[in-house]
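In case it helps, our numbering puts the sequence shown at residues 227 to 270. We treat Cβ as the ideally placed atom computed from N, Cα and C, and that holds for glycine. Keep in mind the model is a prediction, meaning the values are calculated, not measured. This report concerns only the one structure given below.
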Amino acid sequence: MWIHSHSHTKRCLIAVLQSEALQKSIFRVYLIGYFLVASSRKVQ
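Structure below.
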């Protein structure tokens with residue numbers, strides 16, 4: 227039972243790390259897009 231819960235916690239931790247990396251990549255793309263739009267508006 228303890229070993230099962232430990233493997234479950236490890237599995238959850240991996241899922242959280244993967245989702246966090248996914249959020250960071252999406253956030254990075256969002257920031258790049260925001261700066262591109264802001265720079266294009268400054269030019270106009």
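May I have the straight-line CA-CA distance separating residue 240 from residue 250, to the nearest angstrom?
-> Taking the Cα positions, residue 240 is about 15 Å away from residue 250.
Where residue 247 and residue 236 are concerned, what is the direct C-alpha to C-alpha distance, given to the nearest angstrom?
-> About 17 Å.
Cα-Cα separation between residue 258 and residue 266, rounded to whole angstroms | Here the alpha carbon of residue 258 sits roughly 12 Å from the alpha carbon of residue 266.
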